[in-house]
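There are 2 protein chains.
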Amino acid sequence: MAVTIKDVAKIANVAPSTVSRVIANSSRISEKTKKRVREVMDELGYHPNFIARSLASHSTRAIGLVMPSSSDAVFQNPFFPTVLTGLSEGAHAKQYALHMTTGKTDDEIYDGVVAMVQGGRVDGVVLLYSKVEDRVISYLKKRDFPFFVIGKPFKDDENINYVDNDNFKAGKEVTEHLIQLGHDRIAFIGGNLDLVVTVERIEGYEKALRNSGIKLVDEYIINDEFLQESGQDAVEVLLSLDQPPSALVVADDLMALGVLNKLDEMGIEVPKDISIVSFNNVLIAEMARPPLTSVNINIFDLGFQAAKNLIQKIENPEEPIKRIIVPFNIVTRYSCDRPKESLV
Amino acid sequence: MAVTIKDVAKIANVAPSTVSRVIANSSRISEKTKKRVREVMDELGYHPNFIARSLASHSTRAIGLVMPSSSDAVFQNPFFPTVLTGLSEGAHAKQYALHMTTGKTDDEIYDGVVAMVQGGRVDGVVLLYSKVEDRVISYLKKRDFPFFVIGKPFKDDENINYVDNDNFKAGKEVTEHLIQLGHDRIAFIGGNLDLVVTVERIEGYEKALRNSGIKLVDEYIINDEFLQESGQDAVEVLLSLDQPPSALVVADDLMALGVLNKLDEMGIEVPKDISIVSFNNVLIAEMARPPLTSVNINIFDLGFQAAKNLIQKIENPEEPIKRIIVPFNIVTRYSCDRPKESLV
DNA sequence: TTGTATGCGTTATCAT
DNA sequence: ATGATAACGCATACAA
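Protein chains in written order, with my numbering: chain G, 1 to 344; chain V, 1001 to 1344.
Shown next as structure tokens:
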């Protein structure tokens, strides 16, 4: 058995409760006693037992992470490690640890969350956006358990804590960027329509077009999974139109890479023949040829803010519902240019 | 407060200990009682408290993950989420959860591990290879705490559980692949020499050359961080040699992407002018232009085996030291060809 | 300022 | 086959 509070107490000639108070740095303990006790702790290599502490104090100093199903494509996206880094630093700053459950199906995930929460393993939960949200969210709400969503929830978003970008605005600005360059045939290649992020970016895109008096073309909007293959398919469809677009708004860098490859295959040059802007600004945006103009959504901050604010909520349950909007900025690289007069 | 074992006991008219036995599905409880107790559990929505259980049973059913420092480049590498997926599935299969600590510096990481272990938060630990290993490993060994390393440890590897590929063999086969195509001016662009993986791949590379009677050229071996920029620098140096190489072995896909970009800039075509093979076979290997021939090291399995075998070790402390070698295979794509007679 | 006693929700050891 | 009771290691209300 490891050294416990009692061992320390015995050697320091104090009561266990005194040791406990020294650990908590209670103001009601004399400095002299503190010093002596601390020396003994060092001497014995004492470390508090988190489990016992949790049981007695009803607080674990751990926050639960609900991942998308591990079979999901999101896992392959560089978005994921980055947001994790942010979460991790946000948690670490307040001495919290991260606790993960995963599952291959939505049911497994749900069960994992329930076990984690009811089992008292965590003090709060962060949901990395995915489709399971519905059940998990309603469960957490019913239990009145502290949680934050990264990305905007499907519904009831006034009553749910979340951290997100202003994706409408991002979609709009990115489209305006292309309009300013002179484009008026702008297509949108997006992700899964079940995701709020996709819908909002499309709406921003449409708003920008409308504001500029450019008429919307239904065929210019294509949605599919956040995968690179779909990027490729989309390109084929778009470029076989009578009036192919001269610019593309692509909802994800990885998809944009697929688009880039397909265009290369077809002998179409970027940005000479067609312009591209994408979202997320992960490493590959920079490494693509040409380097992609991309919206930096500050993925790290998304995670960091989620952790930070969740912990605030945990430590102060009276905190009101919060919706944190992380700013974005467009990182201009070399994938956009003025339109050519004709394409193909 | 949540519903406890006592509440269930009271309503089911049994002792708390009986309920506990029902949860454990003890064979010494009659089916009739089990049924009744279970009904009450469902009725009340009972879920066992992990914390209390852990305290009493000295087992947390959680495994700790030691990440590289979050500022590290590894975090940017797609290797990371994939290995995490493997770990997660391996853990989940045995109903274990994952518990993460991270830190920005090696000291923070070390402290995190100590707190996690001494605090009794986890039953075992998996180290995702990094440079901190030294202190952390010696601490864990001293405490005789169950752990596995992903990747080969720096030293003392006969006494440490690890999961790894045969990187010597991989380096050798990949080089042979190029030799068979007719190359004899083959360079190696590797990662940090502090990493065992780098050293082993180089040794395999050298072995292959020696076996074929090709003499080693010092200038043909360049080592740097696992980053894309270094890939670029390396290319400049290599191609300015009197006898520039006709083929490159690159230790990581991400680096290879940097190499590819640089070559593209210089107007050198792959694989016509120069051939490339790389390692890890992450998504970008497939998405690069041209798609890269890469060594599939089965990253998922690295994680999965680590979790699985660690849990075995936890549940059966008598298990001997294990060294698990995960097989690899070369995935041939379009980045290799026969050498041209002259380059530049 | 410090000590004593009790409880947190389980599991485990004795009994019966 | 089941019940009573003592740990597990710590926090805290109450005493002193």
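Glycine included, each C-beta is placed from N, C-alpha and C at the ideal position. These figures come from a predicted structure and were not determined experimentally.
Exclusion of the five residues before and after residue 111/G leaves 103 as the residues of its chain whose Cβ lies within less than 8 Å of its Cβ.
DSSP, read as helix, strand or coil, puts residue 195/G in coil. Annotation: the region 1148–1176 of chain V contains the following complete segments of the beta strand (DSSP E) (minimum length 3 residues), in chain order: 1162–1165. Residues are counted here when their Cβ sits less than 7 Å from a Cβ of chain G; for the region 1285–1312 of chain V these are 1287, 1289, given in chain order.
DSSP lists 64/G, 1099/V as the beta-bridge partner residues of residue 99/G.
Residue 126/G sits away from residue 189/G, with the two beta carbons spaced by 9 Å or more.
Among the CB atoms of chain V, none fall inside 9 Å of the CB of residue 235/G.
Here the alpha carbons of residue 1203/V and residue 141/G stand approximately 57 Å from one another. Judged by DSSP in its simplified three-state form, residue 295/G adopts strand. Taking residue 263/G as the centre and dropping the five residues before and after it, the same chain places the C-beta of 235, 270, 274 closer than 7 Å to its C-beta, in chain order.
Below the 9 Å Cβ cutoff, chain V contributes no neighbours of residue 317/G, its closest Cβ being approximately 15 Å away. Just measuring C-alpha positions, the residue of 1250/V, 1119/V, 1048/V sitting nearest residue 1335/V is 1250/V. Under the three-state reduction of DSSP output, residue 323/G falls in the strand class. Separation of residue 1218/V and residue 1211/V (C-alpha to C-alpha, rounded to the nearest whole angstrom) is 17 Å. Among the bridge pairs identified by DSSP, residue 1277/V is matched with 1249/V, 1293/V. If you look at residue 222/G, you'll find it isn't in any alpha helix (DSSP H); it sits in the beta strand (DSSP E) that goes 221–223.
Short of 6 Å from the beta carbon of residue 223/G, and not among the five residues preceding or following it, lie these beta carbons of its own chain, in chain order: 190, 193. Against chain G, a Cβ distance below 8 Å from residue 1060/V picks out 51. Counted as a single uninterrupted DSSP element, the stretch harbouring residue 1045/V is not any beta strand (DSSP E), since DSSP gives it neither H nor E.
Within the same chain, 1069 come within 8 Å of residue 1105/V by CB-CB distance, once the 5 residues on both sides are set aside. The Cβ-Cβ distance between residue 267/G and residue 87/G does not fall below 9 Å. Contact of residue 1103/V with chain G by beta-carbon distance below 8 Å involves 92.
For residue 87/G, the enclosing alpha helix (DSSP H) has its first and last residue at 79–93.
Interface annotation for the region 249–278 of chain G against chain V: 254, 257, 258, 260, 261, 264, 265, criterion Cβ-Cβ distance under 9 Å. The alpha-carbon separation between residue 1022/V and residue 1310/V amounts to approximately 28 Å.
Comparing alpha-carbon positions, the option among 143/G, 124/G, 37/G lying closest to residue 1003/V turns out to be 143/G. DSSP places residue 1211/V in the helix class (H, G or I) of the three-state scheme. Residue environment for residue 1237/V: exposed (fewer than 16 other C-beta atoms within 10 angstroms of its C-beta). Taking a cut-off of 8 Å for Cβ pairs, the region 147–162 of chain G and the region 287–298 of chain G do not touch, as fewer than three such pairs fall below it. Under a criterion of Cβ atoms nearer than 8 Å, the residues of chain V adjacent to residue 114/G are, in order, 1047.
Residue 261/G sits in a helix when the DSSP states are folded into three classes. In this structure the region 51–66 of chain G does not touch the region 1075–1082 of chain V; the number of beta carbon pairs closer than 8 Å is below three. Contact residues of the region 1001–1028 of chain V toward chain G are 1002 (C-beta to C-beta distance below 7 Å). In the three-state scheme derived from DSSP, where H, G and I count as helix and E and B as strand, residue 1316/V is classed as coil. In this chain, the alpha helix (DSSP H) harbouring residue 1283/V covers 1283–1287. Straight through space, the alpha carbons of residue 161/G and residue 1338/V are spaced by roughly 58 Å.
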